[in-house]
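Numbered per my numbering, the sequence shown spans residues 823 to 930. For reference, the structure discussed in these notes is given below.
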Amino acid sequence: MSAARETQADEAQRIDLWLWHARIFKTRTLATAMVAKGRIRLTANGLTRRVSKPSALVRAGDTLTLPRNGSIVCLTILALARRRGTATQAQALYSLPDREHTDTGTSP
């Protein structure tokens, strides 16, 4: 594999893998099913699109919008992971923009 290809592969990750690594879903099968049903929106480079392929690639800086526990959650990807780590490590992979506004007491 060439160096350019390795760099590109390190910068992007399959959406189903990232959702599982970030502990958004308990199993990779559940993450794959949610993506395949078209229930997740991906905003990358200012463009929002519905993702229906588990092999779609996500990168740091992308925003995901998905249903979770009866509500819609919007999260920003901060980092990619090589493996599924602890809950603390998983929380470091994303931020919740809505929570940032409520923590500072300012409104959007």
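Each residue gets a CB set at the ideal place from its N, CA and C atoms; glycine is no exception. Just so you know, these numbers come straight off a predicted model, no measurement behind them.
Residue 867 and residue 909 have their C-alpha atoms some 28 Å from each other. Secondary structure note for residue 846: it is in no alpha helix (DSSP H), with a DSSP letter that is neither H nor E. Around the CB of residue 836, 16 or more other CB atoms lie within 10 Å, so the residue is classed as buried. The three-state reading of DSSP puts residue 850 in helix, counting H, G and I together. Annotation: the continuous alpha helix (DSSP H) that includes residue 910 extends over 909-913. In the structure shown, residue 919 falls within a helical segment according to DSSP collapsed to helix, strand and coil.
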